[in-house]
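The next block holds one structure in the form of structure tokens; read it before the comments.
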Amino acid sequence: MNTTAGSFSERFENRFTSYVGGVFVDASGDSVQVIDPADGEQWAELAVDPSVVSRAVSAAAFAQTDPAWTGDPLRRAGVLRSIADLVDGNAQELAELETIATGKPIAATRAEIHYAATWYRYYASALETEREQLVALTRTKSAQIRHEPVGVVGAITPFNGAFSLGTWKFAPALAAGNTIVAKPPVASSVSTLFLAELMAEAGVPTGAFNVVLGDREVGELLVEDSRVAMVTFTGSTAAGRAIGSQVAGRMGRFVCEAGGKSAHIVMDDADLDSAVIAATQGVFSGTGQTCVAGSRLIVHADVYEEFLGRFIAHANQLVVGDPMRDDVHLGPIATAQQYDRVVSLIDEAVRDGARAELDGRHPERRSGARAATGWGPRSSPVRRPTP
């Protein structure tokens with residue numbers, strides 16, 4: 001059910017621009033290289049032009065005036081179901097785009113894409129069953145409850161799941177009749193651009209879904225625009241605090257999902273085999289790059305040594321390698337900067353007295369990549385630009 005004549009990347013020769021008002025716009029700003037974390041090579045180039053933010057908000061604000069979109073929930077339900085079908089039909093390419101951007105194994109990103117499609121269907125079903133409610137307040141008074149769109153929604157998505165976590169923002173916002181300006185992270189923008197094209201094919205009105213490329217400056221322009229009625233953000237606690245202050249300062253609405261430090265707690269009567277599987281999946285999924293990663297283990301003293309031995313044995317069975325391979329459990333960390341930060345935290349812990357039972361800090365590097373050697377040629381159809 002792939003709707004494209006060639007892969008999305010091939011059609012754009014791996015050079016991408018913002019998507020505003022139903023078209024990929026010309027950009028006069030700087031170009032940013034996007035690096036494949038699996039081998040350290042450039043695979044895409046983004047044209048970043050902060051001036052497109054205002055144009056994108058204008059397009060979204062104009063689309064918000066269309067009563068055929070905002071006032072017809074059954075139409076929106078049909079569009080959401082079409083989006084889900086197109087996402088499922090293009091799941092392999094979308095998964096590859098997420099993997100090449102984040103380093104997450106292809107099996108994991110493929111599952112994320114199909115899971116994302118279910119969210120569009122979920123909100124379609126909600127629209128099809130939604131009814132206005134009449135609530136009796138007293139014997140002589142009643143109140144009518146109606147759901148109405150808030151307006152233009154600015155959606156800022158994270159590097160570790162721009163597509164899947166973006167869906168949690170896009171699907172309900174569109175279901176409610178809002179319009180969207182999405183700002184994905186620089187390194188993980190391409191899957192969202194492909195989604196914009198699929199949304200247009202599914203019947204999302206022109207201007208109702210826009211994608212602006214860029215980093216902090218672009219995000220600040222989006223957050224500061226008074227025409228953006230609501231901002232939804234997933235990312236670091238520090239960034240969420242700063243964005244929340246900006247939005248609150250202009251009396252806008254703000255929804256924030258920030259980081260955490262989740263723990264697995266293993267008691268002395270636990271099924272250790274099950275606990276080991278849960279703990280390894282929790283901490284190593286996405287190479288630990290998730291806000292819900294089980295990045296702490298608290299184990300009862302009576303079972304500590306036995307649990308640790310089983311944990312190390314199980315973790316040693318995980319395959320580290322090219323994330324485009326189906327048999328790989330762990331790929332590279334998404335960016336070299338993030339890799340260096342993680343290594344520095346481990347170094348600090350060891351200096352403070354921690355013992356590294358398993359140590360993956362310094363894998364052999366190839367062509368400057370933060371990755372293990374011996375991965376072999378990748379099978380992905382995503383083409384890199386010719387030097």
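The numbering of the sequence shown is this note's numbering, which starts it at 1 and goes up by one.
Each residue gets a CB set at the ideal place from its N, CA and C atoms; glycine is no exception.
The model shown is predicted, which means the values in this text are computed figures rather than measured ones.
Rounded separation between residue i and residue j - CA only
{"i": "Ser28", "j": "Ser51", "result": "9 Å"}
{"i": "Arg139", "j": "Arg131", "result": "22 Å"}
{"i": "Phe170", "j": "Ile180", "result": "7 Å"}
{"i": "Thr290", "j": "Gly235", "result": "10 Å"}
{"i": "Thr3", "j": "Asp88", "result": "Since pLDDT at Thr3 reaches only 38, below the 50 mark, its modelled position is unreliable, and the value read off the structure follows with that caveat. Distance between the alpha carbons of Thr3 and Asp88: 11 Å."}
{"i": "Val211", "j": "Val20", "result": "6 Å"}
{"i": "Ala196", "j": "Val135", "result": "39 Å"}
{"i": "Gln133", "j": "Asn90", "result": "38 Å"}
{"i": "Pro172", "j": "Tyr123", "result": "6 Å"}
{"i": "Phe8", "j": "Phe194", "result": "7 Å"}
{"i": "Arg365", "j": "Ala354", "result": "Any reading at Arg365 needs caution, since the residue's pLDDT is 45, under 50, leaving its predicted position unreliable; the model's value is listed next. Answer to the nearest angstrom: the Cα atoms are 25 Å apart."}
{"i": "Gln92", "j": "Gly249", "result": "42 Å"}
{"i": "Leu345", "j": "Ala238", "result": "18 Å"}
{"i": "Ala95", "j": "Gln42", "result": "18 Å"}
{"i": "Val53", "j": "Val150", "result": "19 Å"}
{"i": "Val247", "j": "Ile156", "result": "13 Å"}
{"i": "Ile137", "j": "Gln144", "result": "According to the sequence as given, residue 137 is Leu; it is not Ile. Computed Cα separation, rounded: 10 Å."}
{"i": "Gln33", "j": "Ser274", "result": "43 Å"}
{"i": "Glu217", "j": "Asp352", "result": "38 Å"}
{"i": "Phe12", "j": "Thr232", "result": "29 Å"}
{"i": "Ala126", "j": "Val343", "result": "45 Å"}
{"i": "Ala356", "j": "Asp347", "result": "10 Å"}
{"i": "Asn14", "j": "Ser142", "result": "58 Å"}
Cβ-heavy atom distance, residue i to the ligand GDP, below 8 Å
{"i": "Phe163", "result": "In the structure shown, the ligand GDP is absent, as is every other ligand, since no ligand is present at all."}
Cβ-Cβ distance between residue i and residue j below 9 Å
{"i": "Phe209", "j": "Ala182", "result": "yes"}
{"i": "Val190", "j": "Leu97", "result": "yes"}
{"i": "Leu80", "j": "Arg121", "result": "yes"}
{"i": "Arg241", "j": "Ala263", "result": "no"}
{"i": "Thr280", "j": "Phe254", "result": "no"}
{"i": "Ala56", "j": "Ser31", "result": "no"}
{"i": "Ile100", "j": "Asp36", "result": "yes"}
{"i": "Ser226", "j": "Gly252", "result": "yes"}
{"i": "Ala175", "j": "Pro73", "result": "yes"}
{"i": "Val266", "j": "Val299", "result": "yes"}
{"i": "Ala258", "j": "Phe284", "result": "no"}
{"i": "Thr70", "j": "Gly177", "result": "yes"}
{"i": "Val320", "j": "Gly282", "result": "no"}
{"i": "Ala293", "j": "Gly286", "result": "yes"}
{"i": "Asp432", "j": "Asp215", "result": "The structure shown does not extend to residue 432, since the chain is modelled only from 1 to 387, so the question has no answer here."}
{"i": "Ala38", "j": "Asp322", "result": "yes"}
{"i": "Phe16", "j": "Leu213", "result": "yes"}
{"i": "Ala336", "j": "Gly154", "result": "no"}
When the options are compared against residue i, the one with the closest alpha-carbon
{"i": "Ala60", "options": "Arg351, Val204, Ala239, Ser245", "result": "Val204"}
{"i": "Glu45", "options": "Val303, Ala187, Ala248, Ala162", "result": "Ala187"}
{"i": "Thr192", "options": "Pro172, Ser164, Asp352, Ile298", "result": "Ser164"}
{"i": "Met230", "options": "Ala238, Gly244, Val218, Glu217", "result": "Gly244"}
{"i": "Tyr339", "options": "Ala162, Gly288, Tyr115, Leu174", "result": "Gly288"}
{"i": "Val48", "options": "Asn178, Ala91, Pro184, Gly78", "result": "Pro184"}
{"i": "Thr118", "options": "Glu128, Leu137, Glu93, Thr167", "result": "Thr167"}
{"i": "Val152", "options": "Ser9, Gln42, Gln92, Phe62", "result": "Phe62"}
{"i": "Ala111", "options": "Trp43, Gly161, Ala77", "result": "Gly161"}
{"i": "Leu358", "options": "Asp352, Asp326, Met324, Leu308", "result": "Leu308"}
{"i": "Thr109", "options": "Gln337, Arg341, Arg325", "result": "Arg325"}
{"i": "Ala200", "options": "Arg76, Val218, Asp302, Glu128", "result": "Arg76"}
{"i": "Tyr304", "options": "Ala270, Ala336, Thr335", "result": "Ala270"}
{"i": "Thr129", "options": "Gly78, Ala116, Ala313", "result": "Gly78"}
Beta carbon proximity, residue i to chain C, threshold 9 Å
{"i": "Asp347", "result": "In the structure shown, chain C cannot be found, because there is only a single protein chain."}
Are there three or more Cβ pairs, one per stretch, closer than 8 Å when the segment 216 to 226 is compared with the segment 69 to 89? no
Could you say if the segment 100 to 107 and the segment 316 to 331 meet the contact criterion of at least three C-beta pairs nearer than 8 Å? yes
Beta strand (DSSP E) runs wholly inside the segment 271 to 306, at least 3 long, in chain order: 296 to 299
If we require 3 or more residues per run, which beta strand (DSSP E) segments fall completely within the segment 78 to 143? 133 to 136
May I have a chain-ordered list of the alpha helix (DSSP H) segments no shorter than 4 residues that lie completely inside the segment 191 to 228? 216 to 224
Beta strand (DSSP E) runs wholly inside the segment 16 to 62, at least 3 long, in chain order: 30 to 35, 42 to 48
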